[in-house]
Amino acid sequence: MTGARQHVVDNLIERHAVVFEPVGGSADVDLAVRTGDGQYVEVIVKEPVSEEEKRSFLMRRFRPRPHLFIMCVTEGPEAWILPSAVFERFATGAPGEPEWVLQLDAPSDEPLSDRLSVYRERWALIANYSEYRSTLSDPLALRVRIAML
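Under numbering that gives the first Met the number 0, the residue at position 144 of the sequence shown is numbered 143, and the numbers go up by one with no gaps.
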């Protein structure tokens, strides 16, 4: 198990989620998680593209699903718990290309990490999935929801 995956597993277990690894090494997801409220979500753990691009993450194109999270784990480690629709929306890649790249430090005038900061180390999004499900895809709506709790 990679350091990034172990970081994700440890944090989810700490929050009383039950973590499963797909049998047979499924290429689609890294982990299946039964959340504290009994819901199931899927998790794909991504590590940085390279040592030079420590906050950039490469992902094969996929169809976003409401219960799929992309965990981008940076140095520290620090996890960005992104719903798949958010990853798709903010990643770059020309139509027809087989991959997307999410660059947390781009653009330089307003880094994506600022816009997506509500997802940084926000483990409750999975641990209490049903509480946040309706606002997960919208960073602004999610901020409001968190402030109301």
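Ideal placement from N, C-alpha and C gives every residue a C-beta, glycine not left out.
Take phenylalanine 68, set aside five residues on each side of it, and the residues of its chain with a beta-carbon closer than 8 angstroms to its own are Val40, Glu41, Val42, Ile43, Ile80, Leu81, Pro82, Ser83, Leu124, Ile125, in chain order. In terms of Cβ geometry, arginine 144 and tyrosine 128 do not form a close pair [threshold 8 angstroms].
Shown here, proline 82 sits in a strand according to DSSP, grouped into three states. Counting along the chain, the unbroken beta strand (DSSP E) around glutamate 41 starts and ends at 39-45.
By the criterion of a C-beta distance shorter than 6 angstroms, cysteine 71 is surrounded in its chain by Lys45, Phe56, Trp79, once the five residues flanking it on both sides are discounted.
Residue Glu87 holds the alpha-carbon nearest to the alpha-carbon of arginine 64 among Glu77, Glu87, Pro110, Asp113. Rounded to whole angstroms, the gap between the alpha carbons of histidine 6 and tyrosine 118 is 16 angstroms. Within the same chain, Arg60 come within 8 angstroms of glutamate 96 by CB-CB distance, once the 5 residues on both sides are set aside. Annotation for leucine 57: the continuous beta strand (DSSP E) segment containing it runs 55-59.
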